[in-house]
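Everything below concerns the one structure shown next.
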Amino acid sequence: MQRAYACIEKLIVPQRVWETEEVFPTRTELGALVRLVNEELLRRIEAADATAQSLRAALGEGAA
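First residue of the sequence shown: -3, per our numbering; consecutive thereafter.
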């Protein structure tokens, strides 16, 4: 989480433009950010799927 935050911070507001490491995110930081985004996306997809399944079940029960 900390690396992902550092990545976002470097992308938005570079602290010291004369230090390359301070301006550009590292591969590790970018990887952390991508993993965090993927985890959140998966969580939301699973929640949407669970909602759709509940809706299908409720509609199926109402039709019976």
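The beta carbon of each residue, even a glycine, is placed where N, CA and C say it ideally should be.
Rounded C-alpha distance that separates residue i from residue j
| i | j | result |
| --- | --- | --- |
| isoleucine 4 | arginine 39 | 21 Å |
| methionine -3 | leucine 32 | 7 Å |
| isoleucine 41 | arginine 52 | 16 Å |
| valine 9 | leucine 55 | 50 Å |
Coil, strand or helix - residue i by DSSP
| i | result |
| --- | --- |
| valine 9 | coil |
| threonine 24 | helix |
Rounded Cβ spacing between residue i and residue j (contact assumed at less than 8 Å)
| i | j | result |
| --- | --- | --- |
| proline 0 | alanine 43 | At residue 0 the sequence reads alanine, which differs from the proline that was named. About 21 Å; that fails the 8 Å criterion. |
| glutamate 25 | alanine 2 | 5 Å |
| leucine 7 | proline 21 | 6 Å |
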